[in-house]
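Colleague:
Residue numbers (the UniProt record's numbering): 1 to 593.
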């Protein structure tokens with residue numbers, strides 16, 4: 001990586017406070033959307049010394065650089081810029097200070113055993129941030145483009161990503177309104193920025209189960225509010241109740257709502273209960289996404305993992321503290337834990353409710369354990385994925401292919417007119433090869449004619465979980481058709497960018513990236529490489545993003561756990577699973593809301 005930086009650095013740049021290292025766009029280029037290709041990097045000449053990782057405290061140390069993108073109603077998103085970390089210059093009348101025009105995200109980058117940097121499901125964070133922005137009428141952005149900018153920020157500050165299990169680099173994307181006027185109205189200017197902070201293990205000496213205080217007076221969110229958005233306004237009001245809980249000897253607040261005290265969240269985490277329900281089934285329950293619960297990335301990952309295991313019932317439904325107390329009294333309460341980006345999972349050892357401390361057994365086989373077996377398994381499984389110990393498409397490698405290619409293109413002068421015919425020809429050959437491979441896949445699928453029955457809830461957004469019954473063969477043929485359409489759509493988009501926008505780089509990138517995309521595709525993995533359709537390759541897969549080829553992403557990540565699917569030979573009856581081993585997925589909304 002150092003050699004790449006040396007290659008890009010001007011030969012005789014004068015020493016200054018900061019140095020413009022490179023710009024990947026034509027001068028003055030700007031547009032309505034964030035464009036990773038226009039990213040400009042300004043490096044500091046005074047890098048800070050690294051803090052020993054043993055001394056890291058969450059949120060106290062920050063890297064050398066930050067990413068910033070300005071937006072105005074007139075011009076849209078301006079050119080993204082990586083620049084030295086430093087204070088923001090904002091007018092005292094900025095609406096962010098007066099009316100809480102702000103939303104943010106939290107995600108982490110991890111260094112695996114091979115030294116590579118990995119992001120954990122950043123696409124979900126970008127989608128959630130756009131949802132938060134829409135609720136505030138702040139500008140939305142292209143999540144894929146933003147991820148590419150974040151990858152470059154990681155490349156620039158890669159020395160700040162600590163190694164070792166439990167260590168990571170926390171990323172905080174933030175979007176604020178910056179208009180210098182008083183009055184509650186739609187923002188006409190905004191700033192999207194990303195800062196990064198290295199952090200150590202949340203539990204430095206291993207798991208530490210926490211005690212909860214069920215707040216019977218305050219509520220975190222309410223129906224029709226913004227509890228499902230990551231807004232700063234949701235967090236400051238929780239400080240008082242948290243301080244009160246601590247004064248009573250408890251470590252976190254358990255947020256509830258309604259006369260039965262339906263569970264919402266714990267502290268700033270999603271809440272999970274593992275118990276034997278009144279029907280005698282082992283069940284992992286978490287409150288439903290009814291508009292009052294933050295749709296956590298860790299929450300979604302846990303649900304997908306647990307459903308993929310198929311060893312107990314997994315439900316998103318209303319559960320009240322009165323039910324938990326009753327289960328505790330009857331010996332049916334087994335484990336409770338919170339889940340979030342910072343800690344992954346936090347085990348719970350007791351809950352104070354209406355004057356009584358209800359104990360959570362944790363692990364009956366080990367009185368000294370700080371986590372139950374299910375909680376511990378979830379924690380270890382997620383960590384193994386995040387650090388690359390277990391292969392998973394949830395963990396995205398921070399590659400330098402895109403930006404490296406852009407730099408090489410500019411340095412080698414490949415954007416010159418005389419190279420355009422050669423680039424067009426290479427792109428045409430690469431695209432033709434991919435299309436030919438899709439027809440080969442279709443032939444292999446038809447020849448195999450896998451009649452295994454497949455029954456699942458349609459994961460397509462807006463499908464309202466319609467139940468689909470098909471066969472593996474028909475499903476795979478449908479996915480091939482989608483892949484062909486995606487390829488042709490990408491051709492149209494890239495050709496338009498090349499012809500009307502004058503961008504040569506996307507054409508060069510698309511000559512290189514399709515092979516990588518095809519290799520990661522489940523169809524290729526199963527039918528060409530002969531890998532079994534289990535774990536991350538288990539059908540159904542997350543619907544393919546038609547722009548995946550543009551970004552180098554494959555949206556079929558962790559498809560095995562994305563839906564509760566059952567596969568049985570078509571000739572056999574599909575009987576429901578027994579209660580003791582059910583992997584049924586249920587979802588309901590809160591009643592009387």
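No residue lacks a Cβ here, since even glycine has one placed at the ideal position from N, Cα and C.
#1: Ignore the nearest five residues each way along the sequence and tell me which others in residue 191's own chain have a CB closer than 6 Å to its CB.
#2: Would you tell me roughly how many angstroms separate the C-alpha atoms of residue 166 and residue 387, rounded to the nearest one?
#3: Would you mind working out which of 478, 127, 439, 422 sits nearest residue 528, comparing C-alpha positions?
#4: Mind checking which residues open and close the beta strand (DSSP E) that includes residue 333?
#5: Ignoring anything shorter than 3 residues or poking outside the segment 140–212, list the beta strand (DSSP E) runs there in chain order.
#6: Could you give the distance in angstroms between the alpha-carbon of residue 483 and the alpha-carbon of residue 444?
#7: Please work out which residues of its chain come closer than 8 Å, Cβ to Cβ, to residue 137, disregarding the five sequence neighbours upstream and downstream, and give them in chain order.
#8: Less than 8 Å between the beta carbons of residue 174 and residue 202, yes or no?
#9: Note down, in chain order, each residue of its chain lying with its Cβ closer than 7 Å to the Cβ of residue 558, except the 5 sequence neighbours on either side.
#10: Assuming contact is defined by CB atoms lying nearer than 8 Å, are residue 279 and residue 267 in contact in what I supplied?
#11: Do three or more CB pairs link the segment 74–94 to the segment 109–125 at distances below 8 Å?
#12: Among residues of its own chain, excluding the 5 on either side of residue 289, which ones have a beta-carbon nearer than 6 Å to its beta-carbon?
#13: Alpha carbon to alpha carbon, how far is residue 232 from residue 94?
#14: Could you check where the beta strand (DSSP E) with residue 282 kicks off and where it finishes?
#15: Look at the alpha carbon of residue 40 and the alpha carbon of residue 149, and state the distance between them as a whole number of angstroms.
#16: Based on DSSP bridge pairs, tell me the residues matched to residue 452.
#17: How would you label residue 235, buried or exposed, when you count the other beta carbons within 10 angstroms and need 16 or more for buried?
#18: Just checking, does the segment 155–164 make contact with the segment 61–68 on the three C-beta pairs under 8 Å criterion?
#19: Under a three-way DSSP split, which group does residue 58 fall into?
#20: Using the three-state DSSP reduction, which class does residue 90 fall into: helix, strand or coil?
#21: If you drop the 5 nearest sequence neighbours on each side, which residues of the same chain put their C-beta closer than 7 Å to that of residue 228?
#22: Please identify the residue among 90, 467, 255 whose C-alpha is closest to the C-alpha of residue 237.
#23: For residue 460 and residue 46, what's the separation of their Cα atoms in angstroms?
#24: Would you kindly work out how many angstroms separate the C-alpha atoms of residue 418 and residue 424, rounded to a whole number?
#25: Given a threshold of 16 other Cβ atoms within 10 Å of its Cβ, counted over all protein chains shown, does residue 49 qualify as buried or as exposed?
#26: Whole angstroms are fine: how far does the CA of residue 452 sit from the CA of residue 574?
#27: Using three-state DSSP, classify residue 393 as helix, strand or coil.
#28: With a threshold of 16 other CB atoms inside 10 Å of the CB of residue 230, please say whether the residue is buried or exposed.
#29: Which residues mark the beginning and the end of the beta strand (DSSP E) in which residue 594 is found?
#30: Measure the C-alpha to C-alpha separation of residue 376 and residue 144 and round it to an integer number of angstroms.
#31: With distances taken from CA atoms, which of 125, 241, 197, 450 is nearest residue 85?
#32: To the nearest angstrom, how far is the alpha carbon of residue 421 from that of residue 531?
#33: Please state whether DSSP places residue 320 in a helix, a strand or coil.
#34: Quick check: residue 342 and residue 58, are their CB atoms within less than 8 Å of each other?
#35: By the three-class DSSP mapping on this structure, what secondary structure does residue 525 have?
#36: Closer than 8 Å by C-beta to residue 480: which residues in its own chain qualify, once you throw out the five before and the five after it? Chain order, please.
Modeller: If we stick to the structure as given:
#1: Apart from sequence neighbours up to five positions away, the residues of its chain that approach residue 191 with a beta-carbon distance below 6 Å are 70, 176, 178, ordered along the chain.
#2: Here the C-alpha atom of residue 166 lies approximately 9 Å from the C-alpha atom of residue 387.
#3: 439
#4: 333–340
#5: 168–177, 189–199
#6: 15 Å
#7: 186, 187
#8: no
#9: Residue placement at residue 558 cannot be trusted, given a pLDDT of 37 that sits under 50; the coordinates are not used to answer.
#10: no
#11: In this structure the segment 74–94 does not touch the segment 109–125; the number of beta carbon pairs closer than 8 Å is below three.
#12: 295
#13: Cα to Cα, residue 232 sits roughly 16 Å from residue 94.
#14: DSSP places residue 282 in the uninterrupted beta strand (DSSP E) bounded by 282–286.
#15: 10 Å
#16: Partner(s): none; residue 452 has no beta bridge.
#17: The residue is exposed, with fewer than 16 neighbouring Cβ atoms inside 10 Å.
#18: yes
#19: In this structure, residue 58 counts as coil in the three-state DSSP scheme.
#20: coil
#21: 289, 291, 292, 293, 294, 295
#22: 255
#23: The predicted position of residue 460 is uncertain, since its pLDDT is 49 and thus under 50; a value taken from the coordinates is nonetheless stated next. Roughly 48 Å between the two C-alpha positions.
#24: 11 Å
#25: exposed
#26: Low local confidence applies: a pLDDT of 34 at residue 574 is under 50, so the model's placement there is unreliable, with the coordinate-based value given in what follows. Distance between the alpha carbons of residue 574 and residue 452 is about 11 Å.
#27: coil
#28: buried
#29: As shown, the chain starts at 1 and ends at 593. That puts residue 594 outside it, with no answer to give.
#30: Going from the Cα of residue 376 to the Cα of residue 144 covers about 33 Å.
#31: 197
#32: 39 Å
#33: In the structure shown, residue 320 sits in a strand (DSSP, three-state: E or B).
#34: Yes, Cβ-Cβ distance for residue 342 and residue 58 is below 8 Å.
#35: helix
#36: Cβ within range, chain order: 438, 441, 442, 445, 523.
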